[in-house]
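K.L.:
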Amino acid sequence: MARYIVGISGASGAPYVRRVLQVLVNSDHQLDLVVTRSGAKVLEVEEGVKLTGDVGANFGELSRWLDHDMASRGAFQWHHEANVAADIASGSCHVDGMLVAPCSGGTLARIANGMSQSLVERAADVTLKERRRLILMTRETPLSLIHLRNMIAATEAGAVVLPASPGFYHNPETIDDLVDMIAGRILYHLGLESDLLQVWGGR
Numbered sequence: 000m001a002r003y004i005v006g007i008s009g010a011s012g013a014p015y016v017r018r019v020l021q022v023l024v025n026s027d028h029q030l031d032l033v034v035t036r037s038g039a040k041v042l043e044v045e046e047g048v049k050l051t052g053d054v055g056a057n058f059g060e061l062s063r064w065l066d067h068d069m070a071s072r073g074a075f076q077w078h079h080e081a082n083v084a085a086d087i088a089s090g091s092c093h094v095d096g097m098l099v100a101p102c103s104g105g106t107l108a109r110i111a112n113g114m115s116q117s118l119v120e121r122a123a124d125v126t127l128k129e130r131r132r133l134i135l136m137t138r139e140t141p142l143s144l145i146h147l148r149n150m151i152a153a154t155e156a157g158a159v160v161l162p163a164s165p166g167f168y169h170n171p172e173t174i175d176d177l178v179d180m181i182a183g184r185i186l187y188h189l190g191l192e193s194d195l196l197q198v199w200g201g202r
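Its first residue numbered 0, the sequence shown is counted upward by one per residue in numbering that gives the first Met the number 0.
#1: So for A100, helix, strand or coil by DSSP?
#2: Say whether the segment 126-140 touches the segment 152-165, bearing in mind that this needs 3 or more beta-carbon pairs closer than 8 angstroms, one atom from each stretch.
#3: For the beta strand (DSSP E) containing L6, list its first residue and its last residue.
#4: In this structure, how does DSSP classify T173 when only helix, strand and coil are distinguished?
#5: If you draw a straight line from the alpha carbon of F58 to that of S8, how long is it in whole angstroms?
#6: Quick one: grab the DSSP three-state call for R132.
#7: Which of helix, strand or coil does DSSP assign to H78?
#8: Taking the straight line between their C-alpha atoms, what separation do you get for L118 and T126?
#9: From A203 to I110, what does the alpha carbon distance come to, in whole angstroms?
#10: How would you call N203, buried or exposed, if buried means at least 16 neighbouring beta carbons within 10 angstroms?
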C-alpha cells in the first residue's frame, strides 16, 4: 500500500482534485489530506463543501462530496494546515508522492522558494528534499513573469508543474470529460494507473 499527500490551496479548480480524491479513496492506498483556509473557501464556493474545526463534521462533508464513507476508511488522515508537528512534516515519514491541487500562485511561490507557512508547504518542501514525486496543479491564467519564474524554480527543484489545461483531441462532450483528462494526467505522474486518461493513438 502506497501513501499519498493531497494539499488543497486557494485557487479555482476544485472539481479536478475531487476526481483525483475519488480515485484515491477507492484504492487501497493511504491518503493524507491538508486543506488551507483559502482552499476551504474555494471548496465552499465551487463545490458547496463546508469544512469546520469539527473533524467529525468534516468527515461527513467529505463523504458527501466524494460519494464515499470516509469515516469507514482506515487509511485516511485529516491534518490541520497549522499542524507542522504532523508526521508528514518530517522526511522520516515515508510517502510515495504529493499533489497540491489546486495550487495557488502564492502556494507555488512559497514552495518554489522553500518558505513554509503551512503544513501544505512544509510537506511539499519535505517531498522535494527527499526526492519524491511532487505535482503542482496550477490553474492561474494569464501568467505573470513572477509565476513563470516560480514554475521554473519549482521544476528545477524537482516538482512537476501540471497546469489544469485539458486537451480536446479526445472530443470531450462534458465538463466531466475535461476534468477526467487532467485528473488522469495527475494520477499518471503520481505513478498510478487509472482509466481516466485517454492516450492519443496517432492517426
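Every residue, glycine too, gets a C-beta built ideally from N, C-alpha and C.
P.N.:
Let me spell this out:
#1: strand
#2: The segment 126-140, when compared against the segment 152-165, does touch it at the 8 angstroms Cβ threshold.
#3: For the record, residue 6 in the displayed sequence is Gly; it is not Leu. Counting along the chain, the beta strand (DSSP E) containing G6 begins and ends at R2 to I7.
#4: coil
#5: 19 angstroms
#6: strand
#7: Here H78 sits in strand by DSSP.
#8: 12 angstroms
#9: The structure shown does not extend to residue 203, since the chain is modelled only from 0 through 202, so no value can be given for it.
#10: Residue 203 is absent from the model: the chain starts at 0 and stops at 202.
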